[in-house]
Each structure stands twice: as structure tokens, then as C-alpha cells.
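Enquirer: Let me begin by handing over the structure; questions about it come next.
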Amino acid sequence: MDDQPRSCWCCAIVLVLTSLMCSSSLHLVNAQPVDYSIATVSTSWTINDGPLPFIKALDFLWRPILFRRGLRSRFSLAFCCDFACTACIVGVLIQKQTSIEQDAITNAPQLVWSANRNHPVKLNATLQLTQDGNLTLSDSDGTSVWSTYTGGGNYSVSGLNLTEDGNLVLFDRNNATVWQSFDHPADSLLVGQRLVGGQKLTSSTSASNWSQGLFSLAVQFDPHSSYLSAYVESNPPWSYFESYIDKDYVKFENESFNGQLIRVASSSSAQFIRLDPDGHLMAYEWDGSN
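Positions in the sequence shown are counted from 1; adding 496 to them yields the working numbering.
Rendered as C-alpha cells:
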């Protein structure tokens with residue numbers, strides 16, 4: 497391995513599937529905040545105006561919104577921006593579970609979920625958990641970009657929680673889940689997350705462009721069985737991998753996916769799987785030796 501921080505994330509193939517910085521007013525640091533994983537209704541966050549500073553990662557800048565330490569990983573709900581701050585998304589990041597003082601660039605945070613990957617916003621965009629329980633993202637000009645559509649009396653949302661599994665959850669007064677990011681995957685699955693019928697993973701365009709790419713992975717059904725299918729998003733879709741499964745879902749568990757063993761250095765390492773821009777499904781872990 498070379499000495500670049502990105503090499504700390506080791507990967508294994510699960511399925512072989514055939515320049516300007518932001519304004520100097522933005523404070524860049526490498527330290528992480530303490531846990532702050534829950535927010536109540538009537539709370540809002542603006543990209544360039546908040547109590548938590550921007551952090552410089554390897555390929556992007558990010559500002560934590562919520563933060564949670566898990567058993568193996570650290571998760572952040574964050575604004576993620578290019579270095580010029582001309583395009584920003586709201587997403588969940590995974591990092592190695594380390595001390596709070598450790599350098600954030602070395603930890604190489606990885607994006608595992610995003611709300612607005614196809615519709616990046618600009619500075620002054622706002623994420624808001626409204627009084628009626630709707631989580632919304634509005635661009636700097638007030639245009640609505642993304643929403644959970646959970647507002648109104650039918651849902652009675654009380655708050656927002658980033659769980660220790662990396663799941664972003666809207667919950668009601670009885671602590672029941674109203675909406676969760678695990679039901680709306682982007683290109684990745686975290687440990688404990690299922691991919692069920694009606695959901696799909698869709699690759700990013702490239703490592704530096706998080707918008708939807710050409711490849712998707714989904715659980716599909718025929719009259720007598722269910723199967724996992726990887727396909728190109730064409731018209732009609734072109735399938736390049738199929739594998740029959742005995743359930744109506746697949747699940748990423750510690751060291752395994754869909755019954756296939758994933759060899760990792762440590763069962764306690766930070767792990768996720770991702771449908772990469774080249775169409776391969778890859779398992780990633782933090783190599784604790786680096």
C-alpha cells in the first residue's frame with residue numbers, strides 16, 4: 497500500500513459483476529465534536545452558519561450536523577461540499593472509531609448515504625426539521641430540493657436521531673420509527689441494513705461525482721422465486737448479474753452478505769458495502785494497522 501489516507505480503507509469484491517477553497521471565513525479543523533445525535537422539531541441548520549466547523553477530508557469539506565459513536569464506527573450526518581463550496585449535499589459519513597483528537601483526514605470519512613445526490617445545493621442552503629415533523633432541504637434561494645414528506649398530523653414526528661448503526665431516523669412521541677434512511681439507500685449498505693424489494697442501490701457517476709451513475713443492484717421477483725439482479729440503467733435495463741435468493745431481501749451482516757463470507761481483518765472494524773462506479777459490489781473495511 498502507498499501512504500495515502502484512502503489506502504486505509506481496504507476492499508474485497510463481494511460479487512464480480514460483469515481552484516479555489518471555500519471563503520476564508522469558513523473555519524477548517526481536524527478535531528471532531530462530541531456526540532450530538534438527536535434533534536427536536538423546529539431545528540434548522542445552514543451550511544455556512546452553525547456551531548460546528550467545517551472539516552477538511554481528503555476529497556471534500558464537511559460540516560457535522562449530528563454525530564454518533566457506534567460499536568465499530570463513527571457516523572456523522574453532515575453537509576458535504578466540494579472545496580470551492582459550489583456543490584453541497586446532505587449525507588451520512590462513516591469513519592473508523594478512534595479518539596476524538598485523531599486527524600480527520602487520516603480517518604478518511606466515506607459517504608454511505610445522501611439525501612440530494614442528484615441535486616447539490618449552494619452555500620446558505622438550509623436543512624430543517626419543521627414544527628410539523630417534515631425534514632426538508634432548501635437551496636440558498638429557498639427552492640425545495642428534498643423532503644421526507646412526513647409533515648402533518650398523520651405522523652406526529654417528535655425528533656431526528658442518528659443511530660449507532662448509521663441509520664438516520666425520524667421518530668414519534670412513542671419513539672416509533674416514522675421514516676429512516678435505511679429504507680432509502682443510495683449506493684451503500686451498512687452492517688445490519690437490508691435491501692428489500694422496491695429498493696435499489698445505484699452507483700455514483702465517479703469517485704468525485706456523487707450523482708447517480710449507470711449501475712443498479714436490486715432484489716427482483718419472478719412468479720416462483722426472488723433474485724438479486726445487477727443491471728445497467730438503460731432502456732430497457734440490461735442485466736449483467738443474477739443470483740437467486742431464498743428470501744425477499746438481502747442483508748449486510750458483520751463479515752457476510754447474502755450468505756457469502758467477507759474476509760476482513762477484524763470483526764470490530766468499520767465496514768460497509770458499496771456499488772462502485774464501475775458496477776462492482778465491493779466490501780470495505782478500515783484496516784486498523786494503518
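Built from N, CA and C at the ideal position, the CB exists for glycine as well.
Given the structure is predicted, the values throughout are model-derived calculations rather than measurements.
#1: Ignoring anything shorter than 3 residues, give me the beta strand (DSSP E) runs that lie fully in the stretch 561-649, in order along the chain.
#2: Going along the chain, which residues of its own chain have a beta-carbon closer than 6 Å to the beta-carbon of Q606, five neighbours each way excluded?
#3: What residues match up with A714 in a beta bridge as DSSP calls it?
#4: Under 9 Å between the Cβ atoms of T644 and W609?
#5: My assumption, with CB atoms under 8 Å, is that S699 sits in contact with D683. Please give the rounded CB distance.
#6: Pull up the CB-CB distance for D661 and G566, whole angstroms please, since I reckon it's below 8 Å.
#7: What does the Cβ neighbour count give for N544, buried or exposed, with the cut at 16 atoms within 10 Å?
#8: Within a Cβ cutoff of 7 Å, which residues of the same chain sit near D578, ignoring the five residues on either side of it in sequence?
#9: Between the stretch 657-671 and the stretch 728-746, are three or more C-beta pairs nearer than 8 Å?
#10: Does the separation of the CB atoms of A604 and L554 fall below 9 Å?
#11: Give the C-beta separation of S636 and L619 to the nearest angstrom, bearing in mind that I take them to be a contact with Cβ-Cβ under 8 Å.
#12: Where DSSP assigns a beta bridge to W734, which residues make up the other side?
#13: Do you know how far the Cα of Q716 is from the Cα of A703?
#14: Buried or exposed for Y727, please, with buried defined as at least 16 other CB atoms from any protein chain shown within 10 angstroms of its CB.
#15: Looking only at its own chain, which residues have a Cβ that is under 8 Å from the Cβ of P681, when we skip the five neighbours before and after it?
#16: So for S538, helix, strand or coil by DSSP?
#17: Go ahead and pull the three-state DSSP assignment for D679.
#18: Can the beta-carbon of S569 be found closer than 9 Å to that of K592?
#19: Taking 6 Å as the limit between beta carbons, can you name the residues of its chain near E738, skipping five residues before and five after?
#20: Kindly give me the distance between the Cβ atoms of V537 and T646, rounded to whole angstroms, as I take these residues to be in contact under 8 Å.
#21: From this set, L623, T539, T701, N614, which residue's C-alpha is nearest A574's C-alpha?
#22: Just to check my reading of the structure: L658 and R564 have Cβ atoms closer than 8 Å, yes? What is that Cβ distance to the nearest angstrom?
#23: Drop a sphere of 10 angstroms on the beta-carbon of W541, count the other beta-carbons inside from all chains shown, and report buried for 16 or more, exposed for fewer.
#24: Where does R690 fall in DSSP's three states?
#25: Please report the distance separating the alpha-carbon of E781 from that of N731.
#26: Are A580 and L562 close, meaning C-beta to C-beta below 9 Å?
#27: Going by C-alpha to C-alpha distance, which of W642, L656, N630 sits closest to G649?
#28: Between which residues of its own chain and T701 is the CB-CB distance below 6 Å, once the five residues before and five after are set aside?
#29: Taking A611 as the reference, give the member of A583, T582, W642 with the closest Cα.
#30: Closest to S765 by CA distance: which of A779, T639, Y736 is it?
Expert: Let's see:
#1: Runs of the beta strand (DSSP E) inside the stretch 561-649: 569-577, 584-592, 606-610, 622-625, 631-634, 640-643.
#2: Stepping through the sequence shown from its first residue, residue 606 is reached at position 110. Excluding five sequence positions before and after Q606, the CB atoms of its chain that fall closer than 6 Å to its own CB belong to I590, given in chain order.
#3: Stepping through the sequence shown from its first residue, residue 714 is reached at position 218. K696, S725.
#4: What you label residue 644 is simply residue 148 of the sequence shown in a count that begins at 1. What you label residue 609 is simply residue 113 of the sequence shown in a count that begins at 1. In this structure, the beta-carbon distance from T644 to W609 does not fall below 9 Å.
#5: On the sequence shown, residue 699 is found 203 positions in, with the first residue counted as 1. On the sequence shown, residue 683 is found 187 positions in, with the first residue counted as 1. Yes, S699 and D683 are in contact; Cβ-Cβ is about 5 Å, under 8 Å.
#6: Counting from 1 along the sequence shown, the entry for residue 661 is found at position 165. Counting from 1 along the sequence shown, the entry for residue 566 is found at position 70. Between D661 and G566 the beta-carbon gap is near 6 Å, inside 8 Å, which marks them as a contact.
#7: If you number the sequence shown from 1, residue 544 lands on position 48. By the neighbour-count rule (16 or more Cβ atoms within 10 Å), N544 is buried.
#8: Position 82 of the sequence shown, counted from the start, is the residue given in the question as residue 578. The answer, listed in chain order, is F556.
#9: Because the criterion of three Cβ pairs below 8 Å is not met, the stretch 657-671 and the stretch 728-746 do not touch.
#10: Residue numbering aside, residue 604 sits at position 108 when the sequence shown is read from its first letter. Residue numbering aside, residue 554 sits at position 58 when the sequence shown is read from its first letter. The beta carbons of A604 and L554 sit closer together than 9 Å.
#11: By 1-based counting over the sequence shown, the position of residue 636 is 140. By 1-based counting over the sequence shown, the position of residue 619 is 123. Contact holds; Cβ gap of about 6 Å.
#12: Along the sequence shown, read from residue 1 onward, the residue named residue 734 stands at position 238. V728.
#13: One-based indexing of the sequence shown puts residue 703 at position 207. One-based indexing of the sequence shown puts residue 716 at position 220. Taking the straight line from one Cα to the other gives about 27 Å.
#14: Position 231 of the sequence shown, counted from the start, is the residue given in the question as residue 727. So Y727 counts as buried.
#15: For the purposes of this step, residue 681 is identified with residue 185 of the sequence shown, where counting begins at 1. Hits under 8 Å: W609, Q689, L691, Q695, K696, L697.
#16: Along the sequence shown, read from residue 1 onward, the residue named residue 538 stands at position 42. The answer is coil: DSSP assigns S538 none of H, G, I, E or B.
#17: Sequence index remark: in the sequence shown, residue 679 carries index 183 (1-based). Helix at D679.
#18: To locate residue 569, count along the sequence shown from 1; it is residue 73. To locate residue 592, count along the sequence shown from 1; it is residue 96. The beta carbons of S569 and K592 sit closer together than 9 Å.
#19: As a position in the sequence shown, residue 738 is number 242, starting the count at 1. Once the five neighbours on either side are set aside, the close Cβ partners of E738 are Y723, S725.
#20: Stepping through the sequence shown from its first residue, residue 537 is reached at position 41. Stepping through the sequence shown from its first residue, residue 646 is reached at position 150. With 8 Å as the limit, V537 and T646 do not qualify as a contact, their Cβ atoms being about 11 Å apart.
#21: Counting from 1 along the sequence shown, the entry for residue 574 is found at position 78. A check of alpha carbon separations from A574 across L623, T539, T701, N614 identifies L623 as the nearest.
#22: Looking up residue 658 in the sequence shown gives position 162. Looking up residue 564 in the sequence shown gives position 68. Sure, about 5 Å apart at Cβ, within 8 Å.
#23: Residue numbering aside, residue 541 sits at position 45 when the sequence shown is read from its first letter. Around the beta carbon of W541, 16 or more other beta carbons sit within 10 angstroms, so the residue counts as buried.
#24: Taking the first residue of the sequence shown as position 1, residue 690 is located at position 194. In this structure, R690 counts as strand in the three-state DSSP scheme.
#25: To locate residue 781, count along the sequence shown from 1; it is residue 285. To locate residue 731, count along the sequence shown from 1; it is residue 235. Spanning the two alpha carbons is a distance of roughly 35 Å.
#26: As a working mapping, residue 580 is identified with position 84 in the sequence shown. As a working mapping, residue 562 is identified with position 66 in the sequence shown. No, the Cβ-Cβ distance between A580 and L562 is not below 9 Å.
#27: Indexing the sequence shown from 1 puts residue 649 at position 153. Of the residues W642, L656, N630, the one whose Cα lies closest to the Cα of G649 is N630.
#28: By 1-based counting over the sequence shown, the position of residue 701 is 205. Same-chain partners within the cutoff: S707, G709.
#29: Taking the first residue of the sequence shown as 1, we reach residue 611 at position 115. Out of A583, T582, W642, the CA that lies nearest to the CA of A611 is found in W642.
#30: The sequence position of residue 765 within the sequence shown is 269, counting from 1. Looking only at A779, T639, Y736, the smallest Cα-Cα distance to S765 is reached by A779.
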